[in-house]
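First the structure, in the form of structure tokens, and then the observations on it.
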Amino acid sequence: MGDMRKDYVSERFMIISKKDDKVIDPKKLPYAPGNESMTNPSVLSLVAKDGMLQRLQDNEDEYVKDWSIRVFESKNPVVSIETENSYSDKPHYSEPAYGYHYVVVASPKQKDTFATIDPEQWSNVLVVVQDRLRWLYTQKGVTYVSIYGDQGEEAG
Numbered sequence: 038m039g040d041m042r043k044d045y046v047s048e049r050f051m052i053i054s055k056k057d058d059k060v061i062d063p064k065k066l067p068y069a070p071g072n073e074s075m076t077n078p079s080v081l082s083l084v085a086k087d088g089m090l091q092r093l094q095d096n097e098d099e100y101v102k103d104w105s106i107r108v109f110e111s112k113n114p115v116v117s118i119e120t121e122n123s124y125s126d127k128p129h130y131s132e133p134a135y136g137y138h139y140v141v142v143a144s145p146k147q148k149d150t151f152a153t154i155d156p157e158q159w160s161n162v163l164v165v166v167q168d169r170l171r172w173l174y175t176q177k178g179v180t181y182v183s184i185y186g187d188q189g190e191e192a193g
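Residue numbers (the numbering used here): 38 to 193.
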């Protein structure tokens, strides 16, 4: 988990990650279909079946197959709901970075990017993001949600 620290030059807060966990080797394609066991179980997977989208989630012993979008908790979260009481004023103001850290895999195709997925897939991504936003804002202590997108080996 990280700390929120105050940047006195810009008068803004930033999150500094303390984790030194090993990052999964991207060459092993952890987000590709068939490699679901390399990530945490999905909390939401969209599956197209008979022209309809089904909302499913992984079970402990079984992963959803043929998903078009998959959402799961990060294995290396920058923020966590299990925070330590590590407030400090010295040398700079610092407090625990409380929150949830999810990964949304927008397409089962590794080569797809936000610029190349079709409009229908984009629409489905927005449905998933909206679903997570609604859920997050029902959680105790959540007052702000930040969403960002990245891709490739340098992602994260």
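Quick reminder that beta carbons are idealized off the backbone N, C-alpha and C, glycines included.
Beta-carbon gap between residue i and residue j smaller than 8 Å
| i | j | result |
| --- | --- | --- |
| Val141 | Val179 | no |
| His138 | Val166 | no |
| His75 | Lys65 | For the sequence presented, residue 75 should be read as Met rather than His. Cβ distance < 8 Å, so Met75 and Lys65 count as in contact. |
| Ser131 | Met41 | yes |
| Ser79 | Asp95 | yes |
| Glu90 | Ser82 | Just to set this straight, residue 90 is Leu in the shown sequence, not Glu. No; because the gap between Cβ atoms is not below 8 Å, this pair is not in contact. |
| Gln188 | Thr150 | yes |
| Lys112 | Asn77 | yes |
Contact test: residue i Cβ vs the ligand PLP heavy atom, cutoff 7 Å
| i | result |
| --- | --- |
| Val142 | Questions concerning the ligand PLP fall outside what the structure shown contains, since it holds no ligand whatsoever. |
Environment of residue i [buried if 16+ CB atoms lie within 10 Å]
| i | result |
| --- | --- |
| Gly71 | exposed |
| Val101 | buried |
| Leu157 | Note that residue 157 is Glu in the sequence shown here, rather than Leu. Burial call: exposed. |
| Gly186 | exposed |
| Tyr68 | buried |
Cα-Cα separation between residue i and residue j, rounded to whole angstroms
| i | j | result |
| --- | --- | --- |
| Val164 | Tyr135 | 25 Å |
| Ile53 | Asp87 | 45 Å |
| Arg171 | Val182 | 10 Å |
| Tyr174 | Asp168 | 10 Å |
| Arg49 | Asn161 | 33 Å |
| Gln176 | Glu110 | 15 Å |
- request: Go through the region 72-104 residue by residue and report every complete run of the alpha helix (DSSP H) that reaches 4 residues or more, in order.
  value: none
message: Extract the residue ranges of the alpha helix (DSSP H) inside the region 115-184, only unbroken runs of 4 or more that lie entirely within it.
response: 156-173
message: Taking contact to mean 3 or more Cβ pairs, one atom from each stretch, closer than 8 Å, check whether the region 144-157 and the region 115-135 are in contact.
response: no
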